[in-house]
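Below is one structure, written out as structure tokens; comments come after it.
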Amino acid sequence: MSWNKVLPEKDLPEGSRKVVKVGEQSVLLLRYENKLRAVTNKCPHLSLPLFKGNITEDNTIVCPWHHSAFDLDTGDVKAWSPWPPVVGKILACLTKEKALTVYPVKIEDDNIWVQL
Ligand code: FES
């Protein structure tokens, strides 16, 4: 693993998000509540983009597709495809529960760096 310079810090102000490419990986950068996080832009459920996922007060990102929820510090699953009712349970069975990939991220020299 190595650190990759992905973006000038000023291009990701508080309350914003951006998808960047690091090699073949699509990485979602999130800046909220004075936190900076980098996660894969693919939901582990069906690999759909997480970009529009809602961030809740308990540091969780909720997938916009079937509402799987993941801890933004650890990637741990908090909910696995609970939506839509009934159909969500069927969709949940299609894939094994899997954590969200969370990448180490830092600010250095006025740039954002992601390790992967
Ligand atoms: S693709 Fe994210 S919950 Fe289904």
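For the sequence shown, numbering that gives the first Met the number 0 assigns the number 0 to the initial residue and increments by one for each residue that follows.
For each residue, glycine too, the CB sits at the ideal point set by N, CA and C.
Given the structure is predicted, the values throughout are model-derived calculations rather than measurements.
(message) Just to confirm before moving on: does the CB-CB distance between N58 and L49 stay below 8 angstroms?
(response) To locate residue 58, count along the sequence shown from 1; it is residue 59. To locate residue 49, count along the sequence shown from 1; it is residue 50. No.
(message) Measuring alpha carbon to alpha carbon, tell me which residue in S46, P63, H44, D72 is nearest N53.
(response) Here residue 53 refers to the residue found at position 54 of the sequence shown. Across the set S46, P63, H44, D72, the C-alpha of P63 shows the shortest separation from the C-alpha of N53.
(request) Can you give me the start and stop residues for the alpha helix (DSSP H) that A91 sits inside? (result) The sequence position of residue 91 within the sequence shown is 92, counting from 1. Counting along the chain, A91 sits inside the alpha helix (DSSP H) bounded by residues 86 to 93.
(request) Helix, strand or coil for K41, going by three-state DSSP, please let me know. (result) Within the sequence shown, numbered from 1, the residue matching residue 41 stands at position 42. Correct three-state label for K41: strand.
(request) With DSSP as the reference, label L72 as helix, strand or coil. (result) On the sequence shown, residue 72 is found 73 positions in, with the first residue counted as 1. Position check: residue 72 holds Asp in this sequence, whereas Leu was assumed. Correct three-state label for D72: coil.
(request) Take K110 as the anchor and find which of F69, E8, T100, G74 has the nearest alpha-carbon. (result) Position 111 of the sequence shown, counting from 1, holds the residue named residue 110. Per the sequence presented here, residue 110 reads as Asn, with Lys not at that position. Nearest Cα to N110 within the set F69, E8, T100, G74: E8.
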